[in-house]
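**Student:** Residue numbers (numbering that gives the first Met the number 0): 0 to 178. Can you read through this structure? Questions will come right after.
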Amino acid sequence: MEPPEMINAGELVLKRWEIEWAPAAVAAIQDSLPELRQFLPWATDGYGLEESREYIARSRADWDAGTQFNYAIFTTIGELAGSIGLMTRMGPGVLEIGYWTGTPYAGRGYMTAAVRALSRVALTLPGIERVAIKHDEANKASAAVAVKAGFQEVAREPREVEAPGESGLTIIRELSLPA
Ligand SMILES: CC(C)(COP(=O)(O)OP(=O)(O)OC[C@H]1O[C@@H](n2cnc3c(N)ncnc32)[C@H](O)[C@@H]1OP(=O)(O)O)[C@@H](O)C(=O)NCCC(=O)NCCS
């Protein structure tokens, strides 16, 4: 089971992470820290080249191992607009999507387009019947993305607060293969 290394999503293209994009990733993350740090515990002032290279190297190894498929999101003119990935950690039959958008690119419908494209691909993979998005109840932008992309709430569960914007209540939303 392996998704394509490149996915077209309208105005955007999703590409499997490459080590040489680490400096662009650091710049995007540092520029977006006030928004990202609210919900992503790893987004801190100390996030630099070493952390980014480590993330990309791990992403590449996880891809080869078939456990996670992480993509950088580029605009048509090659700007790094964010990141999105598929994770197998929820178990067989389901892939979980995680994401962030760089602040200069937020609110343009980019993540909704990326989620739609990646979900479509995920649901064609052998054995995959559902795609899930988990977000904190306070993360209204993430909720809006999931709802716009057609995901429906299936559960709510308490979770330890790890980032300052979180309420501690996680909402799980899923999109399933048509019956
Ligand atoms: C969540 C995130 C990826 C959305 O990216 P994006 O590219 O701006 O998403 P889109 O433009 O496709 O859609 C965003 C939607 O959220 C809405 N939104 C943004 N902030 C909001 C808020 N505070 N309250 C309600 N809705 C909000 C926007 O209005 C938009 O919906 P609309 O098109 O119906 O108006 C981005 O905000 C982000 O990176 N947040 C920080 C990291 C994060 O939370 N990642 C997800 C963890 S589960």
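All C-beta atoms in this analysis are idealised placements derived from N, C-alpha and C, irrespective of residue type, glycine included.
Does ligand 1 have even one heavy atom less than 8 Å from the beta-carbon of Ser166?
**Tutor:** Incorrect: Ser166 has no Cβ contact closer than 8 Å to ligand 1.
**Student:** What are the boundary residues of the alpha helix (DSSP H) that includes Ala116?
**Tutor:** Ala116 -> alpha helix (DSSP H) spans 109-121.
**Student:** Give a single yes or no on whether Thr100 has its beta carbon closer than 8 Å to a heavy atom of ligand 1.
**Tutor:** It does: the Cβ of Thr100 is within 8 Å (strictly closer) of some heavy atom of ligand 1.
**Student:** For a test of your reading of the model: does the CB of Gly149 fall under 8 Å from any non-hydrogen atom of ligand 1? Yes or no.
**Tutor:** No.
**Student:** Using CA coordinates, which residue listed in Leu117, Ser31, Glu161 is at the minimum distance from His134?
**Tutor:** It is Glu161.
**Student:** Leaving out the 5 sequence neighbours to the left and right, which residues in its chain are closer than 7 Å to Phe150 when beta-carbon positions are compared?
**Tutor:** Cβ within range, chain order: Ile132, Arg172, Glu173, Leu174.
**Student:** Start and end of the beta strand (DSSP E) containing Trp99?
**Tutor:** Counting along the chain, the beta strand (DSSP E) containing Trp99 begins and ends at 93-100.
**Student:** Thinking Ser141 and Val130 are a contact (beta carbons under 8 Å), I'd like their distance in whole angstroms, please.
**Tutor:** Incorrect: roughly 14 Å between the Cβ atoms, too far for contact.
**Student:** Closer than 8 Å: is that where the CB of Ala105 sits relative to any heavy atom of ligand 1?
**Tutor:** Flag set: Cβ of Ala105 near ligand 1.
**Student:** With a threshold of 8 Å on Cβ separation, who are the neighbours of Gly65 within its own chain once the five nearest residues in sequence on each side are excluded?
**Tutor:** Met0, Glu1, Thr87, listed in sequence order.
**Student:** Between Phe68 and Gly84, how many whole angstroms is the CB-CB distance? I'm expecting something under 8 Å.
**Tutor:** About 6 Å; that satisfies the 8 Å criterion.
**Student:** Could you tell me whether the Cβ of Val160 comes closer than 9 Å to any Cβ of chain C?
**Tutor:** This model lacks chain C altogether, as it is built from one protein chain only.
**Student:** Leaving out the 5 sequence neighbours to the left and right, which residues in its chain are closer than 6 Å to Tyr46 when beta-carbon positions are compared?
**Tutor:** Around Tyr46: Ile28.
**Student:** Report the three-state DSSP secondary structure of Leu48 (helix, strand or coil).
**Tutor:** Residue state, collapsed to three classes: helix.
**Student:** For the putative contact between Ile6 and Val120, defined by C-beta atoms under 8 Å, what is the C-beta separation to the nearest angstrom?
**Tutor:** Confirmed, about 6 Å.
**Student:** Tell me which same chain residues have a C-beta within less than 6 Å of the C-beta of Lys147, skipping the five on either side of it?
**Tutor:** Only Thr111 meet the Cβ criterion.
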